[in-house]
Amino acid sequence: MMPYVATALFAAPLPLAFINWHSFFFFLFAAVACGFAVAVVAADNVVRMAFYLVLSLGATAGLFFLAGAEFVGAMQLMIYVGGTLVLLVFGVMLTAQAPFVSIKGSGRDRVVAGVVGVVLLAVLLQAALSVTAWKQPAAGIVAEPAATPIGMALVGVRVDEPGVGAPAQNVRPGYVLPFEIVSIHLLVVLVGAAYLARAKRRKTPRAIEVAASVEPPASVAEHAAIGRDRSRGASVLSGGR
Amino acid sequence: MADFLITTLELPAWLAWSITAMVAAVLILNVIAGGALAFIWAERKIAGRIQDRLGPTRTGGKFGWLQSLADGIKLLAKEDLMPDGADGMLFRIAPYVSFCASFCAFIAFPFAFDFIGQRLNVGVFFVIAVLGLEVFGVILAGYASASKWSLFGAMREAAQVVSYEVPLGMCVVVPVMLAGSMDLVTIAEKQGGWFTSWFLFHDPFTFVVFWIYVTCAIASVNRAPFDLAEAESELVAGFHTEYSGLRWSYFFMAEYGSMFLVSALAAILFMGGWNGPVPVASILGLSEGTSDTANYFVRLLGMVNLLGKATLGVLVMMWIRWTLPRLRIDQVMATCLKYCTPLAAAMFLGAMLWQIALPGGLVPGLRRPAAEIREGWLPGPGGAAQSVGEDAGTVVKVAA
Chain A
2 MMPYVATALF AAPLPLAFIN WHSFFFFLFA AVACGFAVAV VAADNVVRMA
52 FYLVLSLGAT AGLFFLAGAE FVGAMQLMIY VGGTLVLLVF GVMLTAQAPF
102 VSIKGSGRDR VVAGVVGVVL LAVLLQAALS VTAWKQPAAG IVAEPAATPI
152 GMALVGVRVD EPGVGAPAQN VRPGYVLPFE IVSIHLLVVL VGAAYLARAK
202 RRKTPRAIEV AASVEPPASV AEHAAIGRDR SRGASVLSGG R
Chain B
46 MADFLITTLE LPAWLAWSIT AMVAAVLILN VIAGGALAFI WAERKIAGRI
96 QDRLGPTRTG GKFGWLQSLA DGIKLLAKED LMPDGADGML FRIAPYVSFC
146 ASFCAFIAFP FAFDFIGQRL NVGVFFVIAV LGLEVFGVIL AGYASASKWS
196 LFGAMREAAQ VVSYEVPLGM CVVVPVMLAG SMDLVTIAEK QGGWFTSWFL
246 FHDPFTFVVF WIYVTCAIAS VNRAPFDLAE AESELVAGFH TEYSGLRWSY
296 FFMAEYGSMF LVSALAAILF MGGWNGPVPV ASILGLSEGT SDTANYFVRL
346 LGMVNLLGKA TLGVLVMMWI RWTLPRLRID QVMATCLKYC TPLAAAMFLG
396 AMLWQIALPG GLVPGLRRPA AEIREGWLPG PGGAAQSVGE DAGTVVKVAA
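As structure tokens, this is what we get:
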């Protein structure tokens, strides 16, 4: 019974049935990504820009998911949206002088930026359209993407290419070298950032200096003298945290 | 389900897929919204009992069980206020950002073997990544409110969540390493059988990692003793000081949704997921694949199991909240950077070395599913790399 009802209901050629839903979502995500990317440029409030950028990058992640590249999509969300942009907004909030920071470019800046942008877009479009392999849909490739081959290749085993990178047979073990170089680079950056950002401690805290240079009121001197003399107090303060 | 609709009811594919998507979306939405109603009531009762008072007693007859619904109606009827100096668009949109993040994380979350919105082979990673976006709504809310209290709350939240993501990620890596997959379904499947095969009891290091995960999870969903972003004794209500009515309640739905999510994630990563402590279904002779009804029953039982564990986790969070005092911001940071992160890193190394030293475990008779998978990884003399393709579905095939 049910199948016939369903067939009768939907036998009429509904326009919805003929939409290629994959393409539909592709264009939807692409439009959101591009639209909010333009909004980032057009907005003049930094936090709003960041918010538009979140939507734009989120839609880009959606494109990755649509293409079946789930790992890259999740990476996009984690690194750009969850990490970089949160830090960006955090930085804006820490450094903002006025309640709502406004950045307005002058007309000349906009013209220069527009010219650079259009030129870059033209180069990219020309490059993208000149690749013949991208012009027809990639129907021949059935990919079952997973993160395991990437992870194994990063530690030196090419599970996706049997025979390559087996410890004794081949001396080109996966992506270990680039991975290690990037890791060392990031480590250096982290150490450098920690060095630059660390609090520069003075030998003696300012309070002690002030107390030493100015004759303290009687009550303060009394307070400082309780239990220990001044030099010991100073050494304890500067030696501690 | 879509296949069933297409083959049995002969619906066109687009309609079948739309219906499937709608059903999944509505179910997930109800997990969050219905869960929030129940958990808010439970929280008030638990808070009452812990503080030696009654909690809600009257609404709906006994135990005040309709209290949340009454609160919901009150919130609906409240005026939607916005401060004069606020950034209107961001202020209005911030609660939805939080809620969407909490909701989206459930898309890839399995409630039982086949009860899942969309199975991703990087499920754990996706859930953690999306859950991290919730903080963005909080930051936007704090910033757009044009209120110093809100701004301070948002800044604390940003610092806290960004810091705690590091040890949380390290804790999550340990079960991923043991299971050899980032697929939540696979991770839970590897812990089938008796409770001894749960990753919690896999080795002493995973046991410690579980408690680090609990600490970081509580901090990352911004609950007491880590609720610095609200801190009502100093910041009035922190980031949601200026919110009222339904927008305010969206933040709370997101919070309870995330609480439930991190508890359920703990259940999947460490406590066997939908595999109960005792394999009741297989003792009764109901195993996967005997018949459709048996399959369905097993999965339903598994879902009850998982929801039970997750609810238990949420109740423990409430217990902690009403027992411990709030930490100071420097204590929160010290807990993360000086204790959780190094400890998680050391436990990660320990779990790894344990796998190398004792691949069979201490007690020889117990099942060690984790060791079984990894044997297929290293390309051995017989070109054993094929088993990886079968196991994790990895190989990229180029069709002729």
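Protein sequences appear in the order of chains A and B. So in the numbering used here the end of the first sequence lands on 242, straight run, no missing numbers. So in the numbering used here the end of the second sequence lands on 445, straight run, no missing numbers. Cβ atoms here follow ideal geometry from the backbone N, Cα and C, with glycine treated the same way.
Asked: If you measure between the beta carbons of W319 of chain B and L346 of chain B, is that distance less than 9 Å?; Found: yes
Asked: Which one of A:A34, A:A195, A:D45 and A:A38 has the shortest CA to CA distance from T61 of chain A?; Found: A:A34
Asked: Could you have a look at P212 of chain B and say whether DSSP puts it in helix, strand or coil?; Found: helix
Asked: By the DSSP assignment, the alpha helix (DSSP H) with A83 of chain B in it spans what residues?; Found: A58 to I95
Asked: Examine the Cβ distances between the stretch 56–71 of chain A and the stretch 184–194 of chain B and report whether three or more of them are shorter than 8 Å.; Found: no
Asked: State the start and end residues of the unbroken alpha helix (DSSP H) segment that holds K354 of chain B.; Found: D337 to R366
Asked: Taking 9 Å as the threshold (beta carbon to beta carbon), is F171 of chain B in contact with chain A?; Found: yes
Asked: Can you give me, in chain order, the residues of the stretch 66–77 of chain A that have a beta carbon less than 7 Å from any beta carbon in chain B?; Found: E71, F72 and A75
Asked: Could you tell me whether any Cβ in chain B is nearer than 9 Å to the Cβ of G36 of chain A?; Found: no
Asked: Using a Cβ-Cβ cut-off of 9 Å, state whether G175 of chain A counts as contacting chain B.; Found: no
Asked: Are A269 of chain B and L369 of chain B close, meaning C-beta to C-beta below 9 Å?; Found: yes
Asked: What residues of chain B sit near G83 of chain A, judged by a beta carbon separation below 7 Å?; Found: A174, G177 and L178
Asked: Under a three-way DSSP split, which group does P155 of chain B fall into?; Found: strand
Asked: Considering only residues of the same chain and omitting the five flanking positions on each side of Q163 of chain B, which have a CB-CB separation below 7 Å?; Found: I152 and A153
Asked: What are the boundary residues of the alpha helix (DSSP H) that V112 of chain A is part of?; Found: G108 to L130
Asked: What span of residues does the alpha helix (DSSP H) with Y141 of chain B cover, start to end?; Found: G133 to A150
Asked: Which residues in chain B have a C-beta closer than 8 Å to the C-beta of F91 of chain A? List them in chain order.; Found: I184, M200, A203, A204 and V207
Asked: Along chain B, which residues have their Cβ under 9 Å away from the Cβ of V41 of chain A?; Found: Under the 9 Å cutoff, chain B gives no residues; its nearest Cβ is about 14 Å from V41 of chain A.
Asked: In angstroms with no decimal places, state the Cα-to-Cα distance between L223 of chain B and S294 of chain B.; Found: 39 Å
Asked: Using a Cβ-Cβ distance cut-off of 9 Å, determine whether V183 of chain A contacts chain B.; Found: no
Asked: List, from N- to C-terminal side, the beta strand (DSSP E) runs of 3 residues or more that fit wholly inside the stretch 151–198 of chain B.; Found: none
Asked: Could you check which residue in B:Q376, B:P249 and B:A157 has the C-alpha nearest to that of Y341 of chain B?; Found: B:A157
Asked: If you draw a straight line from the alpha carbon of D129 of chain B to that of S147 of chain B, how long is it in whole angstroms?; Found: 29 Å
Asked: Strictly under 9 Å for the Cβ-Cβ distance: is Y258 of chain B near chain A by that measure?; Found: no
Asked: For R273 of chain B versus V377 of chain B, is the C-beta spacing smaller than 9 Å?; Found: The sequence shown places Leu at residue 273 of chain B, not Arg. Yes, these two residues count as a Cβ contact at 9 Å.
Asked: Check whether the Cβ atoms of A150 of chain B and L213 of chain B lie closer than 9 Å to each other.; Found: no
Asked: For the alpha helix (DSSP H) containing M384 of chain B, name the first residue and the last one.; Found: What sits at residue 384 of chain B in the sequence shown is Tyr, not Met. Taken as a continuous stretch (DSSP letters only), Y384 of chain B belongs to no alpha helix (DSSP H), as it is neither H nor E.
Asked: For F271 of chain B, which residues from the same chain have a beta carbon less than 7 Å from its beta carbon, with the 5 sequence-adjacent residues on both sides left out?; Found: Q205, I263, A264, L372 and V377
Asked: From the DSSP secondary-structure annotation, give me the bridge partner or partners of N267 of chain B.; Found: None; N267 of chain B has no bridge partner.
Asked: What's the C-alpha gap between T65 of chain B and D97 of chain B?; Found: 47 Å
Asked: Using a beta-carbon distance below 9 Å, is I64 of chain B in contact with chain A?; Found: no
Asked: Quick one, are the C-beta atoms of W86 of chain B and G109 of chain B less than 9 Å apart?; Found: yes
Asked: Within a Cβ cutoff of 8 Å, which residues of the same chain sit near M127 of chain B, ignoring the five residues on either side of it in sequence?; Found: G133, F136, R137 and E287
Asked: Do M94 of chain A and A115 of chain B have their beta-carbon atoms positioned less than 9 Å apart in this structure?; Found: no
Asked: Inspect the beta-carbon positions of M298 of chain B and F144 of chain B and report whether they are closer than 9 Å.; Found: yes
Asked: Measuring straight from C-alpha to C-alpha, what distance separates A311 of chain B and A83 of chain B?; Found: 20 Å
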